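Sequential numbering from 388 applies to the sequence shown in the numbering used here.
Here a beta-carbon is modelled for each residue, glycine too, at the ideal position from N, C-alpha and C.
Since we're looking at a predicted model, the values are computed, not measured.
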Amino acid sequence: MKDKRLKIVINKPVSEVFDFTVNPDNTPKWIDGIVTEETNETPPKIGTIYRNKGKGGNRNEYKMTAFEQDKMFELSRINSNYHVRYTFTPTDDGGCEFEYYEWVDEDELDNTFSQDVLEKLKSIMEQTCN
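Printed below as a string of structure tokens:
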């Protein structure tokens, strides 16, 4: 498989979901495999570098390659052909349809996200974020 697309509706405004997911301090809260994440600059923009450390000690670096406030952002893993795009679409009732889309230019995806990851994000956003 070269790509995977997951979607979920979160009952929070787009701006809140966007701000939560783009903030590296929140990444370990909803992605279990990540222990820490940091950026080289705040607020993020095209060119911002995200560095994270996984539970197994592995480290990855991503570069922000696309960014539209409250609409979408895209990260590309440095020295890799892996990409991920987060898209945020308002729902009629004031919520947010969140889409997680990951792909590789060559070879096959490995260690892809499951819907459970998005369910955890939804739960955190709806229960603990005011």
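Give the secondary structure of residue i by DSSP, where H, G and I count as helix, E and B as strand, and everything else as coil.
| i | result |
| --- | --- |
| Phe460 | strand |
| Pro430 | coil |
| Lys442 | coil |
| Ile511 | helix |
| Thr423 | strand |
| Leu352 | Here the chain comprises residues numbered 388 to 517, so residue 352 is not present and cannot be evaluated. |
| Asp503 | helix |
| Ile465 | coil |
| Thr435 | coil |
| Thr478 | coil |
Let's see if you can read the secondary structure: which residues bound the alpha helix (DSSP H) around residue i?
| i | result |
| --- | --- |
| Lys416 | 414–417 |
| Phe405 | 401–409 |
Taking the alpha-carbon of residue i as reference, which of the options has the nearest alpha-carbon?
| i | options | result |
| --- | --- | --- |
| Met505 | Tyr473, Trp490, Glu495, Thr478 | Here residue 505 turns out to be Leu, not Met, going by the sequence shown. Of the candidates Tyr473, Trp490, Glu495, Thr478, the one whose C-alpha sits nearest the C-alpha of Leu505 is Tyr473. |
| Pro431 | Lys450, Glu493, Asn468, Lys389 | Lys450 |
| Asp390 | Glu493, Gln502, Val409, Lys416 | Glu493 |
| Glu425 | Thr414, Tyr487, Glu486 | Thr414 |
| Ile433 | Val409, Lys394, Asp503 | Val409 |
Would you give the residue range spanned by the beta strand (DSSP E) that residue i belongs to?
| i | result |
| --- | --- |
| Lys391 | 390–397 |
According to the neighbour-count rule (16 or more other Cβ atoms, all chains shown, within 10 Å of its Cβ), is residue i buried or exposed?
| i | result |
| --- | --- |
| Asn445 | exposed |
| Lys399 | buried |
| Glu489 | buried |
| Thr435 | buried |
query: For the segment 434–448 against the segment 495–511, are there 3 or more C-beta pairs whose distance is under 8 Å?
result: By the Cβ test, the segment 434–448 is not in contact with the segment 495–511, since fewer than three Cβ pairs between them sit closer than 8 Å.
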